[in-house]
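Since the structure comes first, as structure tokens, the remarks are kept for the end.
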Amino acid sequence: MEDVLKLTYSDWTRSIVDRKSTSGYCTFVRSNLVTWRSKKQGVVARTSAEAEYRAMCLGIYEETWLQKVLFNLCQDYEVPMKLFCDNKTTISIANNPV
Numbered sequence: 001m002e003d004v005l006k007l008t009y010s011d012w013t014r015s016i017v018d019r020k021s022t023s024g025y026c027t028f029v030r031s032n033l034v035t036w037r038s039k040k041q042g043v044v045a046r047t048s049a050e051a052e053y054r055a056m057c058l059g060i061y062e063e064t065w066l067q068k069v070l071f072n073l074c075q076d077y078e079v080p081m082k083l084f085c086d087n088k089t090t091i092s093i094a095n096n097p098v
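Taking UniProt numbering, the leading residue of the sequence shown gets 1, the next gets one more, and so forth.
As structure tokens, then:
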């Protein structure tokens, strides 16, 4: 069982009005949902990978905050958090930040 797990998602150009994507994520701590969010992105993404990457970044910002909160609650908390994304190109970009 993983201690902290984050799932990110983006729907690319879903809005017909302004073609902006929506980012979303949910965070589980010991299999319990603790945070979630869905927000329209501020800019129009040119590719689905860009939209997913923006969603992943939004999730990482929140994950960093959650890690600090958990550390303050449990001083010995040093477990790496897992982030999941469903776009292979986005994962490749994240693994190889040139």
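Here a beta-carbon is modelled for each residue, glycine too, at the ideal position from N, C-alpha and C. Treat the numbers as computed from the prediction; the structure is a model and nothing was measured.
With burial defined as no fewer than 16 other Cβ atoms inside 10 Å of the residue's Cβ, what is the status of residue i: buried or exposed?
i     : result
Met1  : Annotation note: pLDDT 38 at Met1 (below 50); position unreliable, coordinate value reported separately. Label assigned to Met1: exposed.
Tyr53 : buried
Trp12 : buried
Asn96 : exposed
Asn87 : buried
Cys57 : exposed
In terms of alpha-carbon separation, which member of the options lies closest to residue i?
i     : options                       : result
Glu22 : Val29, Leu33, Thr35 and Thr8  : Note on residue identity: the sequence assigns Thr, not Glu, to residue 22. Ranking the options by Cα distance to Thr22, first place goes to Thr8.
Leu83 : Lys39, Lys68, Leu33 and Tyr25 : Tyr25
Ala45 : Arg37, Trp36 and Ala55        : Ala55
Ala94 : Val4, Gly59, Trp36 and Gln67  : Gly59
Lys40 : Ser48, Ser15, Thr90 and Asp3  : Ser15
Val34 : Cys74, Ala51, Pro80 and Glu63 : Glu63
Ile91 : Ser48, Val79, Arg30 and Lys68 : Ser48
Arg37 : Tyr61, Leu70, Ser31 and Pro80 : Tyr61
Arg30 : Lys6, Val98 and Thr89         : Lys6
Cys85 : Asp18, Lys68, Glu50 and Val69 : Glu50
Give the range of the alpha helix (DSSP H) segment to which residue i is assigned.
i     : result
Val69 : Ser48 to Leu73
Thr90 : Lys88 to Asn95
Since residue i is in the beta strand (DSSP E), which residue starts that stretch and which ends it?
i     : result
Asn32 : Asn32 to Lys40
Ser23 : Thr22 to Val29
Ser10 : Val4 to Asp11
When every heavy atom of the ligand NAP is checked, does at least one fall within less than 7 Å of the C-beta of residue i?
i     : result
Thr64 : This structure lacks the ligand NAP, and indeed carries no ligand of any kind.
Would you mind giving the Cβ-Cβ distance between residue i and residue j, rounded to the nearest angstrom? I have them listed as a contact below 8 Å.
i     : j     : result
Leu73 : Thr27 : The pair is not a contact, with the Cβ atoms about 15 Å apart (cut-off 8 Å).
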